[in-house]
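Below: one structure, written as C-alpha cells.
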Amino acid sequence: MSVRLTVEKLGVSYRGDGRETEVLKDVSFELRAGERLAIIGESGSGKSTLALAIAGLLPAGSRVDGNVRWPELGRQPINGRDLGFVFQDPSSSLNPVLTIGEQIAEVVRAHLGMAWREAYAHAEMLLGRVRLPDPASALRAFPHQLSGGQRQRVAIAEAIAARPSLLIADEATSALDTIVQADIVKLIEELVVEDGVSLMFISHDIALASQIADRIAVFRHGRLVEIGEAEQIVDAPREAYTKSLLAAHMGLDTPSLLSPEAVA
Amino acid sequence: MSAPLLTATGLRKRFDSRGRAVDALDDVSFEVAPGETLALVGPSGSGKTTAARALMRLTELDGGEVRFDSEDLLALKGARLRAVRARLQMVFQDPRAAFNPRATVARVLDDPLRIHGIVPRARRPEAIAQLLRRVGLSPDLATRAIHDISGGQRQRVAIARAIATHPRLIVLDEAVSALDVSVRGQILELLLDLQRSQDIAYLFISHDLGVVRAIAHRVAIMDKGRIVETGGAAGVIANPQSSTGQALVAAAPKLRHRG
C-alpha cells in the first residue's frame with residue numbers, strides 16, 4: 000500500500016498570555032492509502048491539534064516544527080478537496096441559513112467544477128450514501144430541522160463530497176447517544192472502505208476506536224506514546240499508559256464496582 | 000427491602016416540538032430505595048433527563064405524583080420545598096455550566112451551607128475544608144476560581160456542593176460522561192464511597208451501559224417517554240428483553256480482541 004501521509008517530527012506550540020505552550024512534541028508516523036488509523040487520547044493529549052495541523056487549520060500565531068507530507072499528491076493539500084473533516088458538533092460546521100442541498104452542492108461545485116443542477120443531483124446521491132431517509136426532501140431542509148444524528152450524516156456527506164483521499168473524524172460521534180454512535184461509526188467505515196479513503200478517527204474511547212481502526216496511535220501530553228495494530232494495542236499493549244487506558248475502559252464484561260451481594 | 004425513599008407514579012409531560020405534540024414522559028413510574036442506585040438509561044429523547052428535571056421541580060409535570068421521604072413533592076411550596084430541596088440534590092454533566100464561573104470554590108460551597116442554614120458563618124471555612132477533604136480535594140483549593148481548576152476537580156466540587164446539605168438522594172445527570180476515563184473511575188469510586196458511608200441514593204442518568212453496569216443496583220430502560228424494561232443492572236444488561244435494551248447492548252463499544 001502506498002503512503003498517503005507522512006508526519007515527521009511534528010511539533011506545535013500555541014502562544015498566548017505571553018507564554019508558549021507546547022501541545023504536540025516530536026510526533027512521527029505514516030498513514031497508508033485506505034488505512035483506518037485511530038488517534039486515542041484524553042483531554043490535553045494533543046489529538047485535536049494533530050488533526051488541525053494536518054488540515055492546516057491551526058490558529059494564527061501557532062508555531063509548527065517538522066512537517067506533514069502527502070507523497071501521492073506532490074503538492075500542498077486543498078482542504079475539502081484532498082481532505083474532509085467531520086467535527087464533534089455538526090451545528091458548528093453546517094451553515095444554519097443555507098439548505099442542506101445548497102451547502103453540499105457548493106462544495107461539489109467548488110471542488111469538482113459541476114454546474115448547479117448537476118451539483119444538486121450529486122448532493123442528493125451523497126445524502127443517499129449517508130442513508131438519510133428521503134434525500135430529495137432533505138436537500139430542501141435546514142440543519143435545525145434535522146436530529147443530531149442526521150446532521151452528522153449531512154456533515155459526513157459534505158466531507159466526502161469532493162472525494163478526498165483522507166477523512167478526519169474528530170470525536171465525530173461523541174455527542175451522540177450510543178445507538179446513533181454505533182450507526183454513524185458503521186457508516187464511516189463503509190464509506191471509507193468503498194472509496195479507498197484513508198481515515199483518521201480521533202476519539203477518547205479506545206473500545207470504539209478498536210472497532211473501526213486497523214491501527215491505533217495513543218497520545219498523551221502531546222506525545223505519541225505507542226502505535227500498533229488495533230488488536231496488538233488491545234491485547235498486548237507495550238506502554239503502561241496504554242494499559243491504564245484499557246484498565247479504565249468500562250465494558251459490558253467489566254465487573255461491577257458494587258459488592259457482589261449488592262448486585263445479586 | 001425497606002420502604003422506598005422516592006416513588007414516582009404515572010409521570011406525564013408533553014412538549015410541543017415544531018407544532019407536533021411529543022410525549023416526553025408517558026405514564027412513567029419508578030421507585031428508589033434508600034442507599035440504592037437506580038440508573039435511567041435510554042437513547043437521546045427517551046425522556047430520562049425530563050424525568051430527572053421533573054423530580055428537581057425544574058420542569059413542571061402535566062400529571063403524576065412524586066412522593067419523597069413520605070411527602071408529596073409536587074405539592075410543596077416555599078419553606079417546605081426549600082427544606083426538601085436540601086435532601087434532594089443534582090449534579091450535571093458539565094459542572095462549568097452549573098456554577099457561577101467567577102465564583103471561587105469556597106463561594107460555591109458556602110452557598111448551600113448558608114442558604115439551608117446548616118453551618119453558622121464562623122464555622123463555615125472549616126466546614127468547607129471538610130467538604131473538600133471528603134471529596135478527595137485539598138482545602139487549599141478553596142481560594143481558587145472555579146474556572147481555574149480541572150474538569151475532574153470541578154466535578155468533585157459539584158459533588159461536594161451536593162453533599163453539603165446531607166441529601167438522601169442525588170440525581171446524577173450524565174455526571175461522568177464528559178470526564179476523561181482515568182478521572183471517571185475515581186469519581187465513580189467517590190460516589191460509591193459516599194453512598195456506603197452516608198446511605199445516599201442515586202438516580203443515575205446515562206446512555207453508557209458500561210458505566211451503569213459498574214455502579215447501578217437496578218436499571219430502568221426508557222424509550223420514547225416510557226419505561227420499557229426494569230430489573231437488576233447485571234441481569235438486564237446480560238439478557239435484555241426489550242428491543243431498546245437489546246439495541247443499547249448491541250451498540251455499547253466493545254474492545255476488539257485478536258481472533
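Protein chains in written order, with numbering that gives the first Met the number 0: chain A, 0 to 263; chain B, 0 to 258. Even for Gly, the Cβ is constructed at its ideal location relative to N, Cα and C.
Please go through the same chain and pick out, in chain order, the residues whose beta-carbon is closer than 6 Å to the beta-carbon of B/ARG46, but skip the five residues on each side of it. Residue mapping note: residue 46 of chain B aligns to position 47 of the second sequence, counting from 1. The residue asked about is misnamed: residue 46 of chain B is Gly in this sequence, not Arg. The answer, listed in chain order, is ALA23, LEU24, MET221 and GLY224.
For the segment 11-19 of chain A against the segment 184-202 of chain A, are there 3 or more C-beta pairs whose distance is under 8 Å? no
Limits of the alpha helix (DSSP H) - the one that A/VAL265 falls within: Here chain A covers residues 0 to 263 and nothing more, so residue 265 of chain A does not appear.
Using a beta-carbon distance cut-off of less than 9 Å, what residues from the segment 242-255 of chain A approach chain B? SER243, LEU244, LEU245, ALA246, ALA247, HIS248, MET249, GLY250, LEU251, ASP252, THR253, PRO254 and SER255
Of all the CB atoms in chain D, is at least one closer than 8 Å to the CB of B/ILE169? No chain D appears in this structure, whose protein chains are A and B.
Assigned exposure category for A/VAL96 - 16 Cβ within 10 Å defines buried: For this step, residue 96 of chain A is matched to residue 97 along the first sequence. Exposed, because fewer than 16 other Cβ atoms sit within 10 Å of the Cβ of A/VAL96.
CA-CA distance, A/SER4 and A/ARG68? Your numbering for residue 4 of chain A matches position 5 in the first sequence. Your numbering for residue 68 of chain A matches position 69 in the first sequence. Here residue 4 of chain A is Leu; the residue named in the question, Ser, does not match the sequence. When rounded, the distance between both Cα atoms is 6 Å.
Do the segment 35-50 of chain B and the segment 200-220 of chain B meet, that is, are 3 or more Cβ pairs less than 8 Å apart? yes
Could you check whether the Cβ of A/ASP264 sits closer than 8 Å to any Cβ belonging to chain B? Summary: the structure shown does not reach residue 264 of chain A, with chain A confined to residues 0 through 263, and so no result is reported for it.
Got a sec, what are the start and stop residues for the beta strand (DSSP E) A/ASP169 sits in? By one-based count along the first sequence, residue 169 of chain A stands at place 170. Run containing A/ASP169: 165-169, per the beta strand (DSSP E) assignment.
What number of angstroms, rounded off, separates the C-alpha of B/GLN60 from the C-alpha of A/LEU256? The count along the second sequence starts at 1 and reaches residue 60 of chain B at position 61. The count along the first sequence starts at 1 and reaches residue 256 of chain A at position 257. In the sequence on display, residue 60 of chain B carries Leu and not Gln. Distance between the alpha carbons of B/LEU60 and A/LEU256 is about 34 Å.
I want to know whether the segment 48-55 of chain B touches the segment 9-16 of chain B - three or more CB-CB distances under 8 Å. yes
So, A/ALA171 versus A/GLN231, is the Cβ gap smaller than 8 Å? For the purposes of this step, residue 171 of chain A is taken as residue 172 along the first sequence, with counting starting at 1. For the purposes of this step, residue 231 of chain A is taken as residue 232 along the first sequence, with counting starting at 1. No. Outside cutoff.
Just to confirm my understanding: we take B/ARG153, look at its own chain, exclude 5 residues before and 5 after, and list those with CB closer than 6 Å. What are they? Working through the second sequence from its first residue, we reach residue 153 of chain B at position 154. Counting only Cβ-Cβ distances below 6 Å, and skipping sequence neighbours, we find PRO94.
Straight-line CA distance for B/ALA53 to B/SER16? The residue labelled residue 53 of chain B in the question sits at position 54 within the second sequence. The residue labelled residue 16 of chain B in the question sits at position 17 within the second sequence. Straight-line Cα distance between these residues: approximately 18 Å.
Residues of chain A with CB closer than 9 Å to the CB of B/GLU188, please, in chain order. What you label residue 188 of chain B is simply residue 189 of the second sequence in a count that begins at 1. Those within 9 Å of B/GLU188 in chain A are LEU256.
Nearest chain A C-beta to B/ARG242 closer than 8 Å, yes or no? Here the question's residue 242 of chain B lines up with position 243 in the second sequence. One point to set straight first is that residue 242 of chain B is Ser, not Arg, in the sequence displayed. Output row for B/SER242: interface = no.
Roughly how far, in whole angstroms, is the beta-carbon of A/VAL224 from the beta-carbon of A/SER209, given that I think they are within contact range, below 8 Å? Position 225 of the first sequence, counted from the start, is the residue given in the question as residue 224 of chain A. Position 210 of the first sequence, counted from the start, is the residue given in the question as residue 209 of chain A. That pair is no contact at about 16 Å.
Please work out which residues of its chain come closer than 8 Å, Cβ to Cβ, to A/VAL106, disregarding the five sequence neighbours upstream and downstream, and give them in chain order. To locate residue 106 of chain A, count along the first sequence from 1; it is residue 107. If we look at A/VAL106 and ignore the five residues flanking it on each side, its Cβ neighbours are GLY79, GLU157, ALA160 and ALA161.
Of all Cβ atoms in chain B, is any one closer than 8 Å to the Cβ of A/HIS203? What you label residue 203 of chain A is simply residue 204 of the first sequence in a count that begins at 1. Yes - at least one Cβ of chain B is within 8 Å of the one on A/HIS203.
Excluding five sequence neighbours on each side, which residues of the same chain lie with their C-beta closer than 7 Å to the C-beta of B/ALA97? As a working mapping, residue 97 of chain B is identified with position 98 in the second sequence. Taken in chain order, the residues that qualify are PHE91 and ALA157.
Using only the alpha-carbon positions, how far apart do B/SER1 and B/PRO33 sit? Position 2 of the second sequence, counted from the start, is the residue given in the question as residue 1 of chain B. Position 34 of the second sequence, counted from the start, is the residue given in the question as residue 33 of chain B. Their Cα atoms are separated by approximately 7 Å.
Is any beta-carbon of chain A found at less than 8 Å from that of B/ASP61? Position 62 of the second sequence, counting from 1, holds the residue named residue 61 of chain B. No, because no Cβ of chain A sits closer than 8 Å to the Cβ of B/ASP61.
Cutoff 8 Å; reference B/HIS165; Cβ partners in own chain excluding five residues on either side: Counted from its first residue, the second sequence places residue 165 of chain B at position 166. So the qualifying residues of the chain are ALA85, ARG86, ILE117 and GLN197.
Since A/LEU30 contacts A/GLY10 with CB under 8 Å, what's their CB separation in whole angstroms? For the purposes of this step, residue 30 of chain A is taken as the residue at position 31 of the first sequence. For the purposes of this step, residue 10 of chain A is taken as the residue at position 11 of the first sequence. The Cβ separation is near 18 Å, so there is no contact.
Kindly confirm or deny that the segment 133-146 of chain A and the segment 53-62 of chain A touch, where touching means at least three C-beta pairs closer than 8 Å. no
In the DSSP output, which residue or residues are listed as bridge partners for A/GLU7? Here residue 7 of chain A corresponds to residue number 8 of the first sequence, with the count starting at 1. A/GLU7 is bridged to A/ASN66.
Taking C-alpha atoms, which residue in B/ILE145, B/ARG155, B/ARG123 and B/GLU125 lies nearest to B/LEU136? Numbered from 1 along the second sequence, position 137 holds the residue referred to as residue 136 of chain B. Taking only the C-alpha atoms, the option nearest B/LEU136 is B/ARG155.
From what residue to what residue does the beta strand (DSSP E) around B/ALA219 run? Translated into positions along the second sequence, residue 219 of chain B becomes position 220. Start and end: 217-222.
Would B/ASP207 count as contacting chain A if we go by Cβ distances under 8 Å? Along the second sequence, read from residue 1 onward, the residue named residue 207 of chain B stands at position 208. Taking Cβ atoms only, chain A reaches closer than 8 Å to B/ASP207, which makes this a yes.
Counting only Cβ-Cβ distances shorter than 9 Å, please list the residues of the segment 173-188 of chain A near chain B, keeping chain order. LEU175, ASP176, THR177, ILE178, VAL179, GLN180, ALA181, ASP182 and VAL184
Residue from B/ALA161, B/ILE148, B/LEU75 and B/HIS146 with nearest C-alpha to B/ASP109: As a working mapping, residue 109 of chain B is identified with position 110 in the second sequence. The shortest C-alpha separation from B/ASP109 is found at B/ALA161.
Rounding to the nearest angstrom, what Cα-Cα distance links B/ARG73 and B/GLY62 in this structure? Here residue 73 of chain B is taken as the residue at index 74 of the second sequence, counted from 1. Here residue 62 of chain B is taken as the residue at index 63 of the second sequence, counted from 1. According to the sequence displayed, residue 73 of chain B carries Leu and not Arg. So the two alpha carbons sit approximately 10 Å from each other.
Over the uninterrupted beta strand (DSSP E) stretch that includes A/LEU30, give me the two end residues. For the purposes of this step, residue 30 of chain A is taken as the residue at position 31 of the first sequence. Element bounds for A/LEU30: 18-31.
Give, in chain order, every residue of the segment 219-237 of chain A whose Cβ lies closer than 7 Å to some Cβ of chain B. ALA229, GLU230, VAL233 and ASP234
For A/ARG237, collect the residues of the same chain with a Cβ closer than 8 Å to its Cβ; drop the 5 residues on either side in sequence, then sort them by chain order. Counting from 1 along the first sequence, the entry for residue 237 of chain A is found at position 238. Closer than 8 Å at the Cβ level, and outside the excluded window around A/ARG237, lie GLU225 and GLY227.
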